[in-house]
Amino acid sequence: MNKFIHSGTHDHTTIAFNPEIRKGVYRFEVTFQHATFDYSIGIADTTVQFAPGKEPENHLYHSKTVRYFRNGTFDHLTDNIVLGNATFNKDGMRVSAEVDMLKIPRKVTFFVDGVEQPNYVIGIPSAVRFWVRLIPEMPAPPPKALPRFSF
(Lines of atoms letter the chains of each structure in order from A; the text may use other names.)
(Lines give C-alpha, C1' and ligand atoms only; values in the text may rest on other atoms or scores of the structure.)
Protein backbone atom coordinates (compact mmCIF):
# COMPACT_ATOMS: atom_id res chain seq x y z
CA MET A 0 0.00 0.00 0.00
CA ASN A 1 1.26 3.49 -0.87
CA LYS A 2 0.91 6.33 1.62
CA PHE A 3 0.87 10.03 0.76
CA ILE A 4 1.16 12.76 3.37
CA HIS A 5 0.10 16.34 2.71
CA SER A 6 2.65 18.96 3.77
CA GLY A 7 0.10 20.83 5.88
CA THR A 8 0.24 24.05 3.89
CA HIS A 9 -3.13 25.38 2.79
CA ASP A 10 -2.69 24.52 -0.86
CA HIS A 11 -4.25 22.05 -3.25
CA THR A 12 -2.32 18.86 -3.84
CA THR A 13 -3.51 16.69 -6.71
CA ILE A 14 -1.72 13.42 -7.38
CA ALA A 15 -2.31 11.68 -10.72
CA PHE A 16 -1.40 8.00 -10.86
CA ASN A 17 0.12 5.93 -13.65
CA PRO A 18 -0.42 3.86 -15.67
CA GLU A 19 -2.60 5.41 -18.31
CA ILE A 20 -5.69 3.25 -18.69
CA ARG A 21 -6.82 2.51 -22.23
CA LYS A 22 -8.22 -1.04 -22.11
CA GLY A 23 -9.89 -3.21 -19.53
CA VAL A 24 -11.68 -2.65 -16.24
CA TYR A 25 -9.71 -1.08 -13.38
CA ARG A 26 -10.63 -0.07 -9.85
CA PHE A 27 -8.63 2.48 -7.85
CA GLU A 28 -9.30 2.52 -4.11
CA VAL A 29 -8.24 5.07 -1.51
CA THR A 30 -8.64 5.14 2.26
CA PHE A 31 -8.48 8.69 3.60
CA GLN A 32 -7.26 9.60 7.07
CA HIS A 33 -7.60 12.86 9.02
CA ALA A 34 -11.11 13.82 7.96
CA THR A 35 -10.41 17.48 8.66
CA PHE A 36 -8.81 17.58 5.22
CA ASP A 37 -10.97 18.26 2.19
CA TYR A 38 -10.44 15.61 -0.45
CA SER A 39 -11.80 14.14 -3.65
CA ILE A 40 -11.10 11.37 -6.11
CA GLY A 41 -11.65 11.01 -9.82
CA ILE A 42 -10.29 10.46 -13.29
CA ALA A 43 -8.62 12.75 -15.79
CA ASP A 44 -7.91 12.62 -19.47
CA THR A 45 -4.26 11.59 -19.86
CA THR A 46 -3.43 14.95 -21.43
CA VAL A 47 -3.98 16.63 -18.04
CA GLN A 48 -0.86 17.56 -16.07
CA PHE A 49 -1.95 19.05 -12.73
CA ALA A 50 0.01 22.18 -11.88
CA PRO A 51 0.98 22.77 -8.24
CA GLY A 52 -1.83 24.46 -6.33
CA LYS A 53 -4.43 23.78 -9.04
CA GLU A 54 -7.40 21.58 -8.19
CA PRO A 55 -9.13 19.27 -10.71
CA GLU A 56 -12.18 21.57 -10.84
CA ASN A 57 -9.96 24.47 -11.99
CA HIS A 58 -11.04 25.85 -15.37
CA LEU A 59 -7.82 24.47 -16.91
CA TYR A 60 -9.00 20.89 -16.28
CA HIS A 61 -12.75 21.26 -15.84
CA SER A 62 -13.71 19.66 -19.16
CA LYS A 63 -11.17 16.83 -18.80
CA THR A 64 -11.87 15.52 -15.29
CA VAL A 65 -14.60 13.70 -13.38
CA ARG A 66 -14.65 14.78 -9.73
CA TYR A 67 -16.25 12.95 -6.76
CA PHE A 68 -16.16 15.02 -3.58
CA ARG A 69 -16.22 13.80 0.03
CA ASN A 70 -19.67 15.38 0.54
CA GLY A 71 -21.12 12.86 -1.94
CA THR A 72 -21.49 15.19 -4.92
CA PHE A 73 -19.71 14.90 -8.23
CA ASP A 74 -19.46 16.82 -11.45
CA HIS A 75 -18.08 16.53 -14.95
CA LEU A 76 -17.87 19.06 -17.79
CA THR A 77 -20.54 21.37 -16.38
CA ASP A 78 -21.12 23.22 -13.14
CA ASN A 79 -24.15 21.03 -12.48
CA ILE A 80 -23.38 19.23 -9.24
CA VAL A 81 -24.88 15.73 -9.13
CA LEU A 82 -26.40 14.72 -5.79
CA GLY A 83 -27.30 11.26 -4.53
CA ASN A 84 -24.03 9.42 -3.97
CA ALA A 85 -22.80 8.59 -0.46
CA THR A 86 -20.45 10.82 1.48
CA PHE A 87 -16.98 9.60 2.42
CA ASN A 88 -16.10 12.07 5.13
CA LYS A 89 -14.95 9.88 8.03
CA ASP A 90 -11.49 8.47 8.73
CA GLY A 91 -10.96 5.00 7.34
CA MET A 92 -13.74 5.07 4.74
CA ARG A 93 -12.79 3.45 1.44
CA VAL A 94 -13.71 5.21 -1.78
CA SER A 95 -13.11 3.73 -5.23
CA ALA A 96 -13.40 4.76 -8.84
CA GLU A 97 -13.84 1.98 -11.39
CA VAL A 98 -13.39 2.58 -15.10
CA ASP A 99 -14.78 0.22 -17.72
CA MET A 100 -12.95 0.84 -20.98
CA LEU A 101 -14.43 -2.27 -22.65
CA LYS A 102 -18.03 -1.08 -22.88
CA ILE A 103 -19.24 1.53 -25.30
CA PRO A 104 -19.80 4.13 -24.01
CA ARG A 105 -16.87 3.96 -21.57
CA LYS A 106 -17.92 4.49 -17.95
CA VAL A 107 -16.65 5.46 -14.47
CA THR A 108 -18.52 4.21 -11.40
CA PHE A 109 -17.83 5.13 -7.78
CA PHE A 110 -17.95 2.94 -4.65
CA VAL A 111 -17.95 3.88 -0.96
CA ASP A 112 -16.96 1.13 1.49
CA GLY A 113 -17.56 -1.38 -1.31
CA VAL A 114 -21.09 -0.18 -2.14
CA GLU A 115 -21.68 0.89 -5.73
CA GLN A 116 -23.07 4.41 -5.94
CA PRO A 117 -26.19 5.15 -8.01
CA ASN A 118 -24.74 7.98 -10.11
CA TYR A 119 -21.95 7.42 -12.64
CA VAL A 120 -20.51 9.03 -15.78
CA ILE A 121 -20.53 7.60 -19.30
CA GLY A 122 -18.57 8.76 -22.33
CA ILE A 123 -15.26 9.15 -20.51
CA PRO A 124 -12.08 9.77 -22.57
CA SER A 125 -10.37 6.89 -24.37
CA ALA A 126 -7.34 7.12 -22.03
CA VAL A 127 -7.52 8.18 -18.37
CA ARG A 128 -5.56 8.31 -15.13
CA PHE A 129 -6.90 8.15 -11.60
CA TRP A 130 -6.19 11.08 -9.29
CA VAL A 131 -6.64 12.15 -5.65
CA ARG A 132 -6.88 15.72 -4.33
CA LEU A 133 -6.09 16.85 -0.79
CA ILE A 134 -6.37 20.23 0.85
CA PRO A 135 -6.19 20.84 4.58
CA GLU A 136 -8.55 23.19 6.36
CA MET A 137 -7.34 26.69 6.94
CA PRO A 138 -5.48 26.84 10.21
CA ALA A 139 -6.97 28.97 12.95
CA PRO A 140 -5.49 32.46 12.97
CA PRO A 141 -2.79 32.92 15.57
CA PRO A 142 -3.85 34.75 18.72
CA LYS A 143 -3.19 38.45 18.61
CA ALA A 144 -0.20 39.52 20.63
CA LEU A 145 -1.14 41.63 23.60
CA PRO A 146 1.12 44.50 24.50
CA ARG A 147 3.23 44.00 27.63
CA PHE A 148 3.26 46.68 30.27
CA SER A 149 5.71 47.08 33.12
CA PHE A 150 4.98 49.12 36.23
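Numbering of the sequence shown is given in numbering that gives the first Met the number 0, commencing with residue 0 and proceeding in unit increments. Glycine residues also receive a C-beta, built at the ideal position from the N, C-alpha and C atoms.
Going by DSSP in three states, H75 sits in which element: helix, strand or coil? On the sequence shown, residue 75 is found 76 positions in, with the first residue counted as 1. Note: H75 maps to strand in three-state DSSP.
Let's see if you can read the secondary structure: which residues bound the beta strand (DSSP E) around T86? Here residue 86 corresponds to residue number 87 of the sequence shown, with the count starting at 1. Note, T86: premise wrong, no beta strand (DSSP E); not H, not E.
Length of the line joining the Cα atoms of I103 and T46: Reading the sequence shown from its first residue, position 104 is the one you call residue 103. Reading the sequence shown from its first residue, position 47 is the one you call residue 46. Computed Cα separation, rounded: 21 Å.
At 3 residues or longer, and completely inside the segment 9-49: list those beta strand (DSSP E) runs for me, N to C. 12-20, 24-30, 37-44
Determine, using beta carbons only, whether S62 and R132 come nearer to each other than 7 Å. As a first step, residue 62 must be located in the sequence shown, where it is residue number 63. As a first step, residue 132 must be located in the sequence shown, where it is residue number 133. Taking 7 Å as the Cβ cut-off, S62 and R132 do not qualify as a contacting pair.
Hey, would you say R128 sits closer than 7 Å to T30, going by beta carbons? Here residue 128 refers to the residue found at position 129 of the sequence shown. Here residue 30 refers to the residue found at position 31 of the sequence shown. Not closer than 7 Å, so no.
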